[in-house]
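Residue numbers (the UniProt record's numbering): 1 to 309.
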């Protein structure tokens, strides 16, 4: 028995080599005691080569990985990676000039070799700011009213089909915001349609702007589109009235907005805004002028039969 245990210890010592990972498992040598006794007695049992060949690891847990670390004692430093081991990260020393790609504390921004853009003028005023904007971009970027939240007719149809908008009642910009059909409303909502997307629902919707295709599609099924003018304070009071103790009055549009609203009326949409005083005076003057012209035509029509007679 003493010889067999010494032989098994020699076989394990042969397998365990420095810097060579082996499995520190609960392993056993697949050799029986009678065979080992025969080897010690010089019989025809299994020799050392047979013992090495029969040595097989028996893993029963992923924690017993092939590593040179001993299994005992079980502690945080002895745990394998991926099983709760926490390694303290080495703190980086705060030294001047470190991490600057061997440039010291100078030229910290000269780290790359990227080519400067064609409009780069060495930090001076950019080239594109020296040229005037084309009229369309200047009009779109300068006018805050043109910066509207866009809403496609397809998205409006999707929200109606999902039950998030009710077509039995007029749909205002507040309904569009509260249903999250539009994410935010700063200056108003612009309704548009692309590729004449079909819209089969009869709705009465109020927006700040609309294109011709949307007007045609909604009016084709009996609906209506109303373009409402509300400046920023009135629009905020319309969307979030609980933020105001006293609701503000609706402002009157300027000349450019009056032209815009009348253009929407010419497209076939309904228009709602408070007419400014100068527009009321102008309408009154035009009516008076028309009455005078009609009176002159009536007088001329009455004098023609007398001359013929």
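Beta carbons: idealized from backbone N, C-alpha and C, even for Gly.
Helix, strand or coil at residue i [DSSP, three-state]
i, result
"residue 270", "strand"
"residue 74", "coil"
"residue 164", "coil"
"residue 304", "helix"
"residue 190", "strand"
"residue 297", "helix"
"residue 182", "coil"
"residue 34", "Bear in mind that the predicted position of residue 34 carries a pLDDT of just 45, short of 50, making it too unreliable to give a figure here."
"residue 226", "strand"
"residue 221", "coil"
"residue 243", "helix"
"residue 210", "strand"
"residue 116", "coil"
"residue 22", "Residue placement at residue 22 is poorly supported in this model, since its pLDDT is 43, which falls under 50; the coordinates are not used for a value here."
"residue 250", "coil"
"residue 134", "coil"
"residue 126", "coil"
"residue 291", "helix"
"residue 201", "coil"
"residue 196", "coil"
Segment limits, alpha helix (DSSP H) that includes residue i
i, result
"residue 156", "153-161"
"residue 235", "232-239"
"residue 147", "Note, residue 147: premise wrong, no alpha helix (DSSP H); not H, not E."
Closest residue to residue i among the options (Cα-Cα distance)
i, options, result
"residue 186", "154, 212 and 236", "236"
"residue 252", "276, 126 and 72", "276"
"residue 278", "272, 271 and 286", "286"
"residue 340", "262, 238 and 268", "The shown model of the chain, from 1 to 309, leaves out residue 340, and the question about it has no answer."
"residue 264", "224, 180 and 125", "224"
"residue 369", "302, 74, 123 and 161", "Nothing about residue 369 can be reported from this structure: the residues present for the chain run from 1 to 309 only."
"residue 168", "222, 126 and 183", "222"
"residue 250", "128, 272, 149 and 261", "272"
"residue 219", "270, 240 and 238", "270"
"residue 148", "211, 91, 194 and 124", "211"
"residue 194", "203, 179, 184 and 215", "215"
"residue 201", "304, 183, 184 and 155", "155"
"residue 234", "292, 280 and 274", "274"
"residue 203", "184, 166 and 183", "166"
Boundaries (first-last residue) of the beta strand (DSSP E) holding residue i
i, result
"residue 171", "No beta strand (DSSP E) holds residue 171; DSSP gives it neither H nor E."
"residue 207", "204-207"
Cβ-heavy atom distance, residue i to the ligand ZN, below 7 Å
i, result
"residue 170", "Judged by which ligands are present, the structure shown has none, so any question about the ligand ZN falls away."
Presumed contact (8 Å Cβ cut-off) between residue i and residue j, rounded CB distance
i, j, result
"residue 121", "residue 128", "Between residue 128 and residue 121 the Cβ distance is about 10 Å, and since that is not below 8 Å, they are no contact."
"residue 199", "residue 164", "No, residue 199 and residue 164 are not in contact; Cβ-Cβ is about 16 Å, not under 8 Å."
"residue 217", "residue 153", "6 Å"
"residue 177", "residue 239", "5 Å"
### Message
Using a Cβ distance threshold of 8 Å, determine whether the segment 190-199 contacts the segment 237-250, with at least three qualifying pairs required.
### Response
No: the two stretches stay apart, fewer than three of their Cβ pairs being nearer than 8 Å.
### Query
Counting pairs of beta carbons, one from the segment 161-174 and one from the segment 201-214, are three or more of them closer than 8 Å?
The segment 161-174, when compared against the segment 201-214, does touch it at the 8 Å Cβ threshold.
### Message
For the pair the segment 257-268 and the segment 219-235, tell me if three or more CB-CB distances fall below 8 Å.
### Response
Judged by Cβ distances under 8 Å, the segment 257-268 makes contact with the segment 219-235, as three or more pairs qualify.
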